Amino acid sequence: MSRLARRFWPEAATAIGLIIAPYVLPSLGFAPDTVSRIVMWGLFGIGFDILFGYTGLLSFGQSAFFGTGGFVAAYLLTNNIISSVMLALVIGTVGAMVAGVLVGVIALRRTGIYFAMITVAIAEVFFFLENSPLSDYTGGENGLPGVPAPVFSIAGHTWQVTTGWSMYAFIAICFFVGIVIARAIIHSSVGAIFVAIRENPTRVQALGHSVWLYKLAAFVIASAYAGFAGGLLGILQGYMPPDAFTFDTSGQLVMQTVIGGAGTLFGPLFGAAVWLYLRDFLQGPVGLGAAWQLALGLIFVLLVIFLRRGLIGGVADLLARRRPHAEPPEESAVIDTTSSLATVGPTARQRQPGTAEGAPILETRNLTKRYGGLFANKGIAFQVMEGELRGVIGPNGAGKSTFFKMLTCEVHPTEGQIMFNGRDITGMDVSRVCQLGLTKSYQINQLFNRLTVRQNIEIAVLATRRGRFRLDLLRPLHRVPGLATQVQQTLELVRLTLRADVPVADLAYGEKRRLEIGLALASSPTLLLLDEPLAGMSPRERVETVQMLRNVSRGRTMIVIEHDMDAMFELAERITVLHEGQFLAEGTPAEIQRNAFVQEAYLGGVAAA
Amino acid sequence: MLNWPNLVSQFFNGLALGAVLALISSGLTIIYGTLGVLNLAHGAMFMLGGYAGYVVWAATGSFLLAVLGGSIFVGVVGLFIELVVIRRFYGRPPEDQILVTFGIGIVIVELVRLAFGSLSVTVPTPPILSGVMHLGFLFYPTYRIAVLVIAVLALGVLYIILYRTRLGLIVRAGIEDSGMVSILGINVYRVFLLVFGIGAMAAGFAGIIHAPVVAPTPDVGATILVETFVVVVIGGIGSFPGAVLGGLISGEILSLTSAIDPAYSEVMLFVVMTLVLMLRPEGLLGVRGRA
Amino acid sequence: MDHQESGQGGFSRRSVLAGGAGLLGGLLLPWVPGARAEEYAPIGTFPAGSSGSSVFVGIGVPRTGTYAAPGEDELRGMMLAIEHINGGNELIRKISPNTTKGVLGKEVKYGVADTQAKPNTAVQAQSRFISENKAVLITGSVSSAVAVALNKLAEREKVIYLPGISGSNDTTGKDCVRYSFRECFYAQTAAAALAPTLIKSLGKNKKVAYLVPDYTYGHTVHQSMMEYLKKGGWTTATSQVAPLGTADYSSYLLNIANSGADVFVNINFGNDAVQSVKQAKQFGILQKQTLVIAYASPFLAKEVGPELTAGVYTPTDFWWTLEDRYPLAKMFVAEFEKKYGYKPEWSANAGYMQLAMWAEAVERAKTFYPPAVIKAYEAGQKVDSTVGEVYFRAADHQLVRPVIVMRGKKPSEMKTSDDYWDVLEVLPGAPLMQAPDAFGCKLGSYT
């Protein structure tokens, strides 16, 4: 398949599927009205899938936007304020997006279960608003009857959408446009970042992206789809029901998405088909009557337990299992220093103008972190010169990790100041600090486990190429200038080129460690912090990695925390020793080895342990 | 009705409402705090308590047996759910846990609907507690006062379990630091099982106690669940004292707003919840970091 | 995309031509009863829905949720009617003398969907019955919100709709449509019937507390009650508006208890009525205030017990002891009890009667062509019913029928275990009802 065909076959298949549906589905017992509804739910679900399946945000409040979009459009149309149905749909969608921004700003303050609970509560508020204070506009419990269907005039031909298959055609076209846009979003840089947020939001933030703004973007995209679909609901049945706002609507959407398969874009469509078909089938031919919901509930629970990725995911996994794939060979971390490749790395950014040569790139003054009455760090004054390779050591509990977290602004100090490149970064957001060129690799791997090595590095590179936040929703990822080159360079630098398309979960431990460093490197930092880069490595891996770090350090300023003293004395030019959260000593490796205080601290530590 | 007698009545009503909410919420919150699972089937457990109590009452005619039988039954259902379903979900993302408990809730509600229909069932007020008490200017149903007392007692029992027993120690340790408990060499799964059972039982107990006040229908759990969310968000999820405080605050918000316009009472609850989230995201008595 | 249309038939071209001819004929000649189906232009599900040996009726009632009990009762009334229509039962033949077996000789089949008393679910279910089963009639509702939504659906799809239970003024008022006919009376009529009785028996210048369900039915009943009670100098102490399906009414009831009212008018229906009455008892309200149920809620007395409904005033469409007054009521109650084992409530009566009257109208029209059936309804034909002679008003499609005012019996007064209510008055409907256009009814076009 050509690249184009590979990229666009789902769109083509969607178009074909939508066109043949009216010829195939009726013989399976689907009425046109049911098919239209399925497609409407499918469109509603596309947005939700971007939010939940891709970005990982489980909202039980989509009814708020479905209802908002629907009622704005229905109000405009039934009161003859606007005669164009399409224009009303667009205005409804914009209304839903505005609501999305407002709700998102509140709900996205929290994550996980809190987020889910807040969306439930906010959706209840929307239902209340629709039902009581705004009932003059929304008809309260009655809803708004009499929503007209659209009429299109193209080149002298008039197409009056009526019920049945003509309504289906209209909704199917909307769905097709919706899926084309959604797939473009998923294949853009924004889409890649969405998935990364689902996998590990903390790391995305640390790599220099504004997670909050991207989440808000996903939330608003989902509201837009919901709002548009809500408008379609009114048009589809000529009646805008207050039910659109109820929790059941949100719950049904969630269930349909999970049944069909989240993270597939088409899951909600298939889920809706299963749902509506079973509803009719169980109530009609099977004669379950009111018990149909029980059957659907059981199916849902079984799917969540056994088929995590829903029907589509299940089929995809089955196909993937039958396709054998060869494991690419492991790559050695040993770097041939004579190779030209080794020196071609993502280069550090240009120094900020105005910083004199030899001036400190990083300086802390009286850096203090207190947890309750406990000092993790106290009054640390610390300076690192441009181009230096500094080691930070200290016995367990010396406060090294807290110190690092404060430098990258993951944790804000209780007192004191941090200057980076002559700029006060105290209290700044971690993503902004990363954008300034200061980043860190973690002691415990913080990777995007379900993504490939290449995708991991892409997320890091995107931050340097696109800044903290950018809404280039329709530009494909591979069109981001310079992305491929920089990713390739990073892969070579950490020797993972041959493993580029392997999911992180399948990597060996040493490889994961290298990728962890690679993520930090890919942000092209001027100052790179490494938190125990050798942790958990075998002796052979240690040797290789030290070699690699030495290479990486060329043209960069680096600070390394390490337990492995030998490696540290070999690698670092100067070493700072922390003890009980305070500065203890600083000097060349030789000076430190001779320092009496240091010896006592370490021996004391040993004695105490 | 802004007059003093009514405000005082509503304040009292808020206490009664708040105590029941606190009891249900404490079940939700200790399950979350210990297992890290947000149980969306908790409302269904509340509903199930009412029905189980109804069945026992219909068979024996004794309200006391109905309370005992009903709450034990729901506790056993809780144990069963933990063993068969929840246990598979400890290693999975919180979203999966939410989804599966959401599904379980639907299944329970629909099973009850299948068995009892959609009509409400009636559990009569026990004869000793029926009637109206005249508290000065305020008529208040004797049974509702009893509910207040019973809920407070039940909360006391939960307090003793949580703060005076070995199990409680482990549970509280688990809430502080979930990793630590397993390090201590305690059979975590048995603790999880017990806690889920106790949490479900608290909801079931509240369900049967509440049944003479509001006749149970299969859908009665849904409303309660949303209110319970608000309670734990306000109080701080995972915190037992938070659930009690959140319950009382929520009860008072609902009732005192009702004195002005009942239509706004629910929405007022959500407004306060939003305010709490803005000003103190971890909840009034919550600990930062769990969520 | 118009696969379905072409699939429907070989007859489509022919029927267009025939429709043209029919139109022409209609211009030249007065409308001829007994014209064959092919002479009408296709409209809605006509003629597809009535071209076979059977016709389909789409039934949507709430079988879950707050209104499940009256919904189920209404459904049973409908099913009994269909059974009687297909079997040519004597009772049906008394209402619809032209009926032999079936409707115009066609067997009536039906499908049932649970609407959950939600307009959206109802519209979905009935749309399906229309598109999939080519329903010639859709019927059922326990909520006026559902009735209003289905009114609009009926108008759009050109399929006749019969609500069932819908007490809002709007159903045949501002939201009335050409394609819908209501059997039961409604807020304004109920208030007009009840108010004089209340004023007569409780005296003038009373203070009233209202408990109002928050939707079209509740609001119009509330309005109408206030308006008619004002004539006796009655004032409103408080109006508590509660959402549908409220579980705990304590806050509302405390406001009512502390409002100083003499009379408590409860407008709730279904399970909401059951819950609020039980809880009102607990708050000591029933000892201090006289309870009035603004529109009888089926099964209320059975569910809360006669101790609570003793002395309660309520207007209703039908109560089974009317069998002493009307022979058809006696037959209906007997047939219903034989089949279902209990006395029918008014919801069952409404379900039965409206299908029987539909059969009567179609038999008179001699076609299923909807405009012809509508005109048959609008002819004002007097029909014998379980509550005596009734007829539809052409201008708003409302049945003119009596209102029955009842008072709850004390347990000691009950002759049988079902004997909950004492029928105080059977008031003729015509003098009670407002002018057809008073609530802004404008019926739409026939086609």
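Chains as they are written, first to last, in our numbering: chain W, 6 to 614; chain G, 8 to 298; chain E, 17 to 463. A virtual CB, placed ideally from N, CA and C, is assigned to each residue, including glycine. These numbers were taken from a predicted model, which means no experiment stands behind them.
Taking residue i as the query, report the chain W residues whose CB atoms sit under 8 Å from its CB, ordered along the chain.
i, result
"VAL139 of chain E", "GLN242, TYR244, PRO246"
"PRO360 of chain E", "Those do not exist, as PRO360 of chain E stays about 21 Å from chain W at its closest Cβ, beyond 8 Å."
Measuring CA to CA, which of the options is closest to residue i?
i, options, result
"SER215 of chain W", "W:LEU23, W:GLN440, W:GLN460", "W:GLN440"
"ASP453 of chain E", "E:ASP438, E:MET241, E:THR432, E:ALA411", "E:ALA411"
"ILE215 of chain E", "E:ALA203, E:THR236, E:PHE197, E:TYR244", "E:TYR244"
"PRO179 of chain E", "E:THR188, E:ARG172, E:GLU173", "E:THR188"
"ALA577 of chain W", "W:GLY586, W:HIS584, W:GLU567", "W:GLU567"
"LEU261 of chain G", "E:ILE272, E:ALA273, E:TYR265, E:ASN274", "E:TYR265"
How big is the Cα-Cα spacing for residue i and residue j?
i, j, result
"PRO444 of chain E", "GLU405 of chain E", "10 Å"
"GLN132 of chain E", "ALA174 of chain W", "30 Å"
"ALA126 of chain W", "TYR226 of chain E", "29 Å"
"PHE80 of chain G", "ALA18 of chain W", "52 Å"
"LEU302 of chain E", "VAL281 of chain E", "11 Å"
"THR373 of chain W", "PHE408 of chain W", "9 Å"
"ARG500 of chain W", "GLY272 of chain W", "38 Å"
"VAL107 of chain G", "PHE311 of chain W", "11 Å"
"TRP297 of chain W", "PHE275 of chain W", "18 Å"
"VAL1 of chain W", "LEU176 of chain G", "In the structure as shown, chain W begins at 6 and stops at 614. Residue 1 of chain W is therefore absent and cannot be evaluated."
"LEU258 of chain W", "LEU232 of chain G", "19 Å"
"LYS246 of chain E", "TYR329 of chain E", "18 Å"
"GLY243 of chain W", "CYS457 of chain E", "20 Å"
"ALA296 of chain E", "VAL416 of chain E", "35 Å"
"LYS398 of chain E", "ILE240 of chain W", "40 Å"
"GLY43 of chain G", "ILE43 of chain W", "35 Å"
"PRO427 of chain E", "PRO322 of chain E", "6 Å"
"VAL195 of chain G", "ARG179 of chain G", "13 Å"
"VAL389 of chain W", "LYS517 of chain W", "28 Å"
Using a cut-off of 9 Å between C-beta atoms, extract the partners of residue i located in chain G.
i, result
"TYR268 of chain E", "SER265, PRO269"
Here's the rule: buried if 16 or more other CB atoms are within 10 angstroms of the residue's CB, otherwise exposed. What is residue i?
i, result
"LYS359 of chain E", "buried"
"HIS217 of chain G", "buried"
"LYS294 of chain E", "buried"
"THR490 of chain W", "exposed"
"ASN114 of chain E", "exposed"
"TYR376 of chain W", "exposed"
"LYS354 of chain E", "exposed"
"ASN426 of chain W", "buried"
"TRP437 of chain E", "buried"
"GLY359 of chain W", "Because GLY359 of chain W sits at a pLDDT of 42, beneath the cut-off of 50, its placement in the model cannot be relied upon, and the point is left open."
"VAL156 of chain W", "exposed"
Who are the neighbours of residue i on chain W, taking C-beta pairs under 9 Å?
i, result
"GLU273 of chain G", "GLU129, VAL130, PHE133"
"ASN274 of chain E", "Per Cβ cutoff of 9 Å: no residues; ASN274 of chain E is ~23 Å from chain W at best."
I believe residue i touches residue j by the beta-carbon criterion, under 8 Å. Please report the beta-carbon distance rounded to the nearest angstrom.
i, j, result
"GLY213 of chain W", "ARG473 of chain W", "6 Å"
"ALA59 of chain G", "GLY211 of chain G", "7 Å"
"GLY60 of chain E", "GLU173 of chain E", "6 Å"
"GLY236 of chain W", "GLY47 of chain W", "Actually they do not touch by this definition, with Cβ atoms about 15 Å apart."
Name the chain W residues that come within less than 7 Å of residue i, Cβ to Cβ?
i, result
"GLU148 of chain E", "ALA36"
"PRO343 of chain E", "Here the premise fails: no neighbours, minimum Cβ distance about 35 Å."
"PRO386 of chain E", "Simply none; closest approach about 16 Å."
List, in chain order, every chain G residue whose beta-carbon is nearer than 8 Å to that of residue i.
i, result
"PHE49 of chain W", "Those within 8 Å of PHE49 of chain W in chain G number zero; the least Cβ separation is about 18 Å."
"PHE250 of chain W", "Going along chain G, no residue has its Cβ under 8 Å from PHE250 of chain W, so there is no contact; the nearest lies around 13 Å."
So with CB distances below 8 Å, who are the chain E contacts of residue i?
i, result
"ASN46 of chain G", "Per Cβ cutoff of 8 Å: no residues; ASN46 of chain G is ~20 Å from chain E at best."
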